[in-house]
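One structure is given here, and the rest of the page talks about it.
Number of protein chains: 4
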Amino acid sequence: MATITVEIDGHIIDSLLLPKVLDLIVASGADYELRDVHIGKTSTDPSHAVIDITMPDGVDSEALLIELQVHGANVIGELDASLVPAPTDGVLPEGFYATTNLPTVVRVGGDWLEVARPEMDCAIVVDADRGAQTAPMHKVRHGDPVVVGLDGVRVTSPTRRQGSSLFEFMASDVSSEKPQALLVHRVAERMRLAHAEGGSILVVCGPAVVHTGAASELAALVRAGWVDVLFAGNGFATHDIESSVLGTSLGISVDGGEPAEGGHGNHLRVINDVRRHGSIAKAVEAGFVTSGVMYECVVRGVPFVLGGSVRDDGPLPDVITDVVAAADRMRAELTGVSVALMFASTLHAIATGNLLPASVETFCVDINQAVVTKLADRGSHQVMGIVTDVGLFTRNLARELLG
Amino acid sequence: MATITVEIDGHIIDSLLLPKVLDLIVASGADYELRDVHIGKTSTDPSHAVIDITMPDGVDSEALLIELQVHGANVIGELDASLVPAPTDGVLPEGFYATTNLPTVVRVGGDWLEVARPEMDCAIVVDADRGAQTAPMHKVRHGDPVVVGLDGVRVTSPTRRQGSSLFEFMASDVSSEKPQALLVHRVAERMRLAHAEGGSILVVCGPAVVHTGAASELAALVRAGWVDVLFAGNGFATHDIESSVLGTSLGISVDGGEPAEGGHGNHLRVINDVRRHGSIAKAVEAGFVTSGVMYECVVRGVPFVLGGSVRDDGPLPDVITDVVAAADRMRAELTGVSVALMFASTLHAIATGNLLPASVETFCVDINQAVVTKLADRGSHQVMGIVTDVGLFTRNLARELLG
Amino acid sequence: MATITVEIDGHIIDSLLLPKVLDLIVASGADYELRDVHIGKTSTDPSHAVIDITMPDGVDSEALLIELQVHGANVIGELDASLVPAPTDGVLPEGFYATTNLPTVVRVGGDWLEVARPEMDCAIVVDADRGAQTAPMHKVRHGDPVVVGLDGVRVTSPTRRQGSSLFEFMASDVSSEKPQALLVHRVAERMRLAHAEGGSILVVCGPAVVHTGAASELAALVRAGWVDVLFAGNGFATHDIESSVLGTSLGISVDGGEPAEGGHGNHLRVINDVRRHGSIAKAVEAGFVTSGVMYECVVRGVPFVLGGSVRDDGPLPDVITDVVAAADRMRAELTGVSVALMFASTLHAIATGNLLPASVETFCVDINQAVVTKLADRGSHQVMGIVTDVGLFTRNLARELLG
Amino acid sequence: MATITVEIDGHIIDSLLLPKVLDLIVASGADYELRDVHIGKTSTDPSHAVIDITMPDGVDSEALLIELQVHGANVIGELDASLVPAPTDGVLPEGFYATTNLPTVVRVGGDWLEVARPEMDCAIVVDADRGAQTAPMHKVRHGDPVVVGLDGVRVTSPTRRQGSSLFEFMASDVSSEKPQALLVHRVAERMRLAHAEGGSILVVCGPAVVHTGAASELAALVRAGWVDVLFAGNGFATHDIESSVLGTSLGISVDGGEPAEGGHGNHLRVINDVRRHGSIAKAVEAGFVTSGVMYECVVRGVPFVLGGSVRDDGPLPDVITDVVAAADRMRAELTGVSVALMFASTLHAIATGNLLPASVETFCVDINQAVVTKLADRGSHQVMGIVTDVGLFTRNLARELLG
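Protein chains in written order, with the numbering used here: chain E, 31 to 433; chain L, 31 to 433; chain V, 31 to 433; chain D, 31 to 433.
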C-alpha cells in the first residue's frame, strides 16, 4: 500500500483534466484524496489541485503515473531527472521516459530545462551543449544521455487559446450535423489569425482532394500564399499532376463528362514522364506541368514532403521512399507551423498528428466519420474533426479567403 | 423436371437485365437455354431474348418466375389474368400478385389493360369501371377482384432516358469521391428539364437540412418555384419553424455563435405554440411564423405532407399521426412528380421510395454512405446516391438554380 | 447585469457535470464566480458547488438556466412552483417547464413532491390526488395545473452505479476498436444483475437482426426468459415471421443458399396471412407461426409493442398505426425496466431513448458508427454505444447467457 | 471517323463483361455495331462477341481501347507486339503498355507468350531468355525491351470458379445486412479448398485485429497451419507482441479490465526491447516473446512481411522501411497464394490488392463500409467485401476451422 502525491494546474476543471485524472486513478484500482483543492473563482483564474493517491498492492503505480502525466498531472518532488546512456545506436535504455506532445520541462543539476520540439512518443535526450530535446528512437546514438523514469519531468497542461470563440468552436463534437458554412468561416478566421501572428499553415492532402474536384481551389490557395508547407503522398501529387497534364479541370474532363482519375494507366504515364524529367521541379521547369497544386508549390517555393507508402505505383521521383527518412523530413518542416489542415487523408494525417506538438491547432476534414474519430482519438487534444465533403469544403474555403 | 419459357425485351444487355436474369436462374438451382437471342446491333436497337428454363424438382418455380419479372422477364403465354375476390376488407386472396414499380399491363378478357399508378408491393385490382390499378393491401375491400398468380401480367423493362449524359450520370456508383460540384450541376439540369417538360419536383427532407444550415436556401428554392411538393416529418418542420421563430439564420444563432437546435425544450415551445394556433397555416396567417421552408410552402401553396413517427414530440398539428393515412396522403401527392430529391432523410426517403414508380428520377443526398446504399438497394432502379454534406450541397444547388 | 446563484451536487467532477456547467455559462456570454466549492475528498464523497452567475444584458438568462438544469444545476431558492392551467386539450400554458429525464422534484405548498415517471421533453402536471407527474403534450387536458418556469423545480444529478466495473465500462467511448467479446460478457453481466435485482429487460429490434441471422438466437433468449418486453416495428416482426413460416433458419434458406429476405413479395404474403388470422397471437394459435421471436413472445406472454411507420407495407394487424398511441403503449410498458438493449434499430431505438428515464442502463448495438453516435448524442447520459455486427453480437450473447 | 473491331470471349453476359464494354463505348462518345454475337446457349457454354466500334473525331481511341481491355475485350489483329528499349533505369519508353491483373499473352515473333506474374499497373518486359513478364516501373533497367501500345497484347477474361456456390457468394453485394455466420462458413470452405488444391493462404492484418481481441484466435490459426504468409505493418506486429509480453489476453488485461493497447508508451517499450534483441525472431529465441501471431509465425516458419509507413513509431527491426523494397518483398511472397484474407487493414490491404493477380480469391473484412467499398472499387474483380466486426469474425472463423 503506497501513497504518492501529484499536482495539477491550469484550467483543470473546464478543460476536463481533473475529472479525467480522477477517473484514471479509480479505474486503475487506486483511490484518491483531494488535498489543497483550489478552484479558480472566475473563468480566467487558474485552478490547482494536490491529489494523494493510495495504491493497493497489485496496482501498477508506474503505469498510472505515466498515464496521469499525459493529462497534465505531475508527481510532486524536486528530484533531478535520471539520465542513462543509450546502450547502442537506435536503442533506448530500459525505463526511458516516453514523451507526450505537451510542453515539457526536465530537471538537470537543479535547473528546469525546457524540452525543445515537443513530440509524442519520443525520448528526451539531455546534452551539455544542446540542452534537452525530444528524440525519436531511431535518432538516438550510443551513449546519448536519455531521461529514464518520471523523476524530474513535468508537463504543462494545455491552456485555452485566447478568444472564447475558438474554445466553443473546438468544444464542438465531431459531427456532420453542424452548419458547415460556419465551420468554413471559423477555419478561415484561424488561418488569418495564424498569419497575422507570424505562424505558418500546414496542409496535409489525400487524393480525394483531386477526385472531388478541389485541386484547382487548393492551387489558388497556394498561389495566394495561404499554404506554407504541404505534406502528401504519391497518390495526391500524381493525380494533381495528371489532372493538370491531361487537360482536366475541377477533377472532371473539360467536356463536362467523367471523373478525373480517368483512363487505366494514365497515372502511370504521368509518373513515368516525371521520372524522365527527374523531379517535379524539373518537370515544371521543362513546361511539362503548368498548373495545379504541385506546380504552385514549385513556382512559389512552398516546401512539400511526399512520404512514400507500400501501395505506391512508380513512385514519383520526389517521393521519399524510406518512411523513417520521410518522417524526419516532415519533422524538419514543422518549425513555425501553428495551424494544420488535414484534407481527406488518413495515412499522412495520422503521421503528421504523431509529430505535431499539442499547441498546433489542427482541423481534420473528411467525409468518413470513422476516419475523423480515429484521428481525434489519437491523443492529440487539439484536433477538431469536421465531417463533410472535402471538395465542397475547399471550394467554400477558397471563396472565403480569396473573395 | 419442368421447363418454362420467358422472354425479355429492351436494352437488356446494357441495362444489365439479361445478365441479372441469367444469374437468378442459375442461383435458384435451375438452368437455362437461350433461344432466339436477338442482340440489338447498335446502341439504340432494342434486344430480345427468349429463355427456356429447366427446373429440377425442388426448385420453387413460382418464386423464381416472380423474381425474374422484377427484372423485366415475362412468362410467354396468352392467358387471361386470374381474378379472385378479396375475402374481406384489407385482406388479399391467397396467391395474389405482388407488383413491381415497373410499368405493367394485365390481360383481362383478351385485352391488355395498363395498370394505373405503378407502385411496388401492392396488389392489382381490376374493376369494370375503373380498369386495372394498384392497391395497397389495406385499401382492398371485400369482393374486389384481385389478380392472382403470374398469368396475364407483363411488365415493361425500364428504358434509358433520352440524353446519354443522364445515363452516364446514373451509372456512376454511389461514391463520395466524385466532384460534387459537377453533381450539383447535373441535378440542377434534371430539375430544369423536369419543369420544362411539365413534370413536378418532390423534395423529401430530414432535420439535418436545418442543422447543417441549409433551410434558408431551401426556402429560397421553394419561393422561386423549384419545389412542387414537400414530404417531411415532425422534426424537420419543427426545427425549420424554430429556426425562423427564434431568430436564427443559416442554422446558427444570429450573433454567430452556436448551432441552431439550441436550448433544451425550445422545439417543444414552438410545437406548443403552433398547436395553440391550430395549424402551421394558421400560425403563418397569425404572423407567428414569418420565414423558412414551411412558411414558403404555406404562402406559395406548395402542398406538404408531414408523416408521423413514434419518436415525435408533440407533434405539430399538421402531422398525420396515423402512418397508413400519411402514406395514403403521400400517394395522392405523387401525381405528376418526375424528379424526387431526398435530403438527409432516412425514414421518409425510404417511405417515399416505396411509393414511387420506377419512372421518377430520384437523387438521394446524405453524408452517410450506409444510408445512401440502403436506399439505392431497395429495388428502386432509378435512385442515384450522392454522398456529401447536405448543407453545402443545398447551398450550391440554390446558387446554381437561383444565380 | 443580473446575478443568479445555482448549486450542483453529487459526483460533479468525475461525472463531468461541473465542467459542463461552467462551459455552458461561458459559452452563453455570461461569467461565473465559484462560491462554496466543496470537492469530495475521496472517490465516494459527493461534492457540492455554489455558483454565482453574472449575466450581462443580452444573455438569455432563462435559456441558460434551463440548459444548466439539464446538467443537474438548480437555481437556489425556496419558492413554490408556479402552476397554470392548460388552456385547452393538448396545449400547454406558455412558459411551461420542459422536463429532463433526471429524477425531479417539484415544490407545491412548501412540500417537495417527487415527479412520477421521469421522461424527457414532457410537462409536469400537479394534481391534488395523483401528485406530480410527467405528461407528454398531447395528454394534457384543459385545466390541468401545469408547472410554468423554473421556480420550485429541482433535478438530481445522475449518480454512479455500484460496482466500479460498470463505470469503467460505461466510460468507454463509442468505438469499434474494442474487444467485442469482452463487451458481450459485460452486457450479459448487467442483464444478470438486472434480473437479480428484480428489474426487467427491454429489447428494441430492427430488421437487420433477422437479416444478419440472429433471430433464432434472440428467440432462444426470449424462450429462456431474458427478454421481458420487446419493442419493434412492422419490418422486424414481418421478417421474423417470414423467416419462420418459409422454413428458413439463421436468416438463410435451409439448403444453405441465399439470404433470408428472399423472394419479391414474400413479406407481403406473410403479412396478408397474419391479417387473415387477425393477429400474431391468433396466427400462432392456428399453428401458422411455429417459431421465431414473435412466436416465443406470444407463447411466453412477453409483451411487445409494434410501432407503425410511414414506410410500412401492410402492416401486420398488431402494428399500432397511430404513432402517438404507439408511443403511449411503449410508455405503459416501461415500468420496471432497468436495462434496455437496442439492436440495429434507428427509429424505434431513438423513440425508446426519448421515453426512458436516465436511470435505465441502455446499450445500443449497431454496425454503423453514425447511428450509434446519433443515439448517444440525444441527451441520454446512460446510453453506451457498441459498434459491431449485431448478428455475431447476438449469437455470442446467447452463448454467454444460455451456455 | 475510324472503325476498330474488338472481340470478347467467355462468360461475357453473366459476368457483366459485355454490358460493361458496350457502356464504355457509348460513354466515350463512340458507337458500336455488334457483329457475330454468339451467346452460349447454356450456363456453361462460353459466349463470343465481335464488336465494330465507330469513333467520331474527338474520341480518344487509344484510351477507349485500353479501357476495354481492362474488361477483357481485345483488338482483333495478328500483329506482333512493339518492343522499345527502356531509355534509362526506372523509366519506361513512351506509350508503354500498362498491365491489368488479368492473365495476359503477348505476341513476339509470331508466337503468343504467356506473361508471367500478372500484376496491375506494371509494364511487360520481353526477354530472349526469360520470356515475357510484368515489371513494376522501378525494376526496369536501361535497354530492357518493353511492350509499347496495344498491338500484340491480349487478355483473358476472368472465368467463374468451379462450384456455383462461390459464384453466388461472390455475387453478393458489399453489405452489413448479411448473415455473417454464413459468410464465416463460406470463407472457411474456400480456405479448405485452397489447401486441398495445394494453394496457399495469405492474411493481411491491421492493428484492429489485436484491439478487437482476435490476436489469440489468429495465432491459433497460424499454429494450425491455416496461414501460409502474413503481411502487416509495424502497428499490428507491435500490438501483437505488446499483448503477449505484457500478459494480456484476448486484447484485454488478464484481470478483466481495460483494453489492451494500454499505457502510454507501452508500445514504445516493446519496440525498443525488440530492437535491442535485433529482430522478432531473436526476441522469440531469447524467450522475450512467447505467444501471439508473430511468435507463431516465427516458430512455424511462416514468412511475414512488415511494410513500413510514415506513421510508424520505432519501428520494429523487421519492418522494411523502404516502401519500394517492402512491395518487392511482398511480390516475392505471393507465389502460390490462391486465397487472400484482409482483416481490418486499409493501407496494407490496398497495397496487397495492387499486387495480386485477378485469380486470387480475396476477402476483405472491415467494420467500416467505406473502407470495404474502396477496396472493392480498385479494379480487383475478385475482392469480396464483408462488413463486420473483425474480432468476432476471426473468433468464429477459428471456431469453424479448429473445431
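The beta-carbon is built from N, C-alpha and C at its ideal position, and this holds for glycine as well.
{"Check": "Compute the Euclidean distance between the alpha carbons of G433 (chain V) and V252 (chain V), then round it to the nearest angstrom.", "Outcome": "15 angstroms"}
{"Check": "If contacts are defined as beta-carbon pairs under 8 angstroms, then P347 (chain V) and S309 (chain V) qualify, I think. What distance do you get, rounded to the angstrom?", "Outcome": "5 angstroms"}
{"Check": "Using 8 angstroms as the limit for Cβ to Cβ distance, is D61 (chain D) near chain L?", "Outcome": "yes"}
{"Check": "Apply the 10 Å Cβ neighbour rule to P175 (chain D) and answer buried if 16 or more other Cβ atoms are within range, or exposed otherwise.", "Outcome": "buried"}
{"Check": "In angstroms with no decimal places, state the Cα-to-Cα distance between E37 (chain D) and A79 (chain D).", "Outcome": "6 angstroms"}
{"Check": "Among V:T84, V:D90, V:I42 and V:G102, which residue has its Cα nearest to the Cα of T74 (chain V)?", "Outcome": "V:I42"}
{"Check": "Could you tell me which whole alpha helix (DSSP H) segments of length 4 or greater appear in the segment 43-96 of chain L?", "Outcome": "47-57"}
{"Check": "With a threshold of 8 angstroms between beta-carbons, can I83 (chain E) be considered close to chain V, or not?", "Outcome": "no"}
{"Check": "From what residue to what residue does the alpha helix (DSSP H) around D270 (chain D) run?", "Outcome": "N264 to V275"}
{"Check": "Is the CB of T376 (chain E) under 8 angstroms away from at least one CB in chain D?", "Outcome": "yes"}
{"Check": "Run through DSSP, which three-state label would G383 (chain D) get?", "Outcome": "helix"}
{"Check": "Does DSSP put R137 (chain D) in a helix, in a strand, or in coil?", "Outcome": "strand"}
{"Check": "Using a Cβ cut-off of 7 angstroms, which residues of the segment 325-354 of chain D contact any Cβ in chain E, in chain order?", "Outcome": "G337, G338, S339, V340, R341, D342, D343, G344, T351, D352, V353 and V354"}
{"Check": "For E430 (chain L) and A211 (chain L), what's the separation of their Cα atoms in angstroms?", "Outcome": "10 angstroms"}
{"Check": "D342 (chain V) bridges to which residues according to DSSP?", "Outcome": "Note: D342 (chain V) sits in no beta bridge, so no partner."}
{"Check": "Got a sec? Which residues, its chain only, sit under 6 angstroms from M372 (chain D) by beta carbon, not counting five neighbours each side?", "Outcome": "V234, A379 and C394"}
{"Check": "Pull up the CB-CB distance for A249 (chain L) and E326 (chain L), whole angstroms please, since I reckon it's below 8 angstroms.", "Outcome": "5 angstroms"}
{"Check": "Pull up the distance between the alpha-carbon of G40 (chain V) and that of V100 (chain V), whole angstroms please.", "Outcome": "14 angstroms"}
{"Check": "Which chain C residues sit within Cβ distance under 7 angstroms of E97 (chain V)?", "Outcome": "Here chain C cannot be found, since the structure's protein chains are E, L, V and D."}
{"Check": "Less than 8 angstroms between CB atoms is the rule here; does L260 (chain L) satisfy it with respect to chain V?", "Outcome": "no"}
{"Check": "Identify the contact partners of A128 (chain D) in chain E, using a Cβ-Cβ distance below 8 angstroms as the criterion.", "Outcome": "H294, G295, L298 and R299"}
{"Check": "Buried or exposed: E272 (chain L), going by 16 or more other Cβ atoms within 10 Å of its Cβ?", "Outcome": "buried"}
{"Check": "Among the residues of its own chain, which have a CB less than 8 angstroms from the CB of S368 (chain L), if the five just before and after it don't count?", "Outcome": "A224, E227, G229, S230, I231, S389, V390 and E391"}
{"Check": "Confirm, please, whether the CB-CB distance from A374 (chain L) to V239 (chain L) is below 8 angstroms.", "Outcome": "yes"}
{"Check": "Roughly how many angstroms lie between the CA atoms of D151 (chain V) and D181 (chain V), to the nearest whole one?", "Outcome": "18 angstroms"}
{"Check": "Taking Cβ positions, are V353 (chain D) and T351 (chain E) nearer each other than 8 angstroms?", "Outcome": "yes"}
{"Check": "Can you say whether W256 (chain L) is buried or exposed, counting buried as having 16 or more other CB atoms within 10 angstroms of its CB?", "Outcome": "buried"}
{"Check": "From the DSSP output, in three-state form, read off R184 (chain D) for me.", "Outcome": "strand"}
{"Check": "Strictly by DSSP, which residues pair up with C235 (chain D)?", "Outcome": "D:F373"}
{"Check": "Per DSSP, which one or two residues make a beta bridge with I350 (chain E)?", "Outcome": "E:G337"}
{"Check": "Is there a Cβ of chain D sitting closer than 8 angstroms to that of H268 (chain V), yes or no?", "Outcome": "Note on identity: in this sequence residue 268 (chain V) is Thr, with His being the wrong assignment. No, T268 (chain V) lies away from the interface with chain D (no Cβ there is under 8 angstroms from its Cβ)."}
{"Check": "Along chain E, which residues have their Cβ under 7 angstroms away from the Cβ of N426 (chain L)?", "Outcome": "L422"}
{"Check": "Report the option in V:L405, V:M414, V:T365 and V:G243 whose CA atom is closest to the CA atom of A428 (chain V).", "Outcome": "V:G243"}
{"Check": "So for S246 (chain L), helix, strand or coil by DSSP?", "Outcome": "helix"}
{"Check": "Pull out every residue of the segment 173-189 of chain V whose Cβ sits closer than 9 angstroms to any Cβ of chain E, in chain order.", "Outcome": "none"}
{"Check": "Indicate the three-state DSSP secondary structure (helix, strand or coil) for I397 (chain D) in the structure shown.", "Outcome": "coil"}
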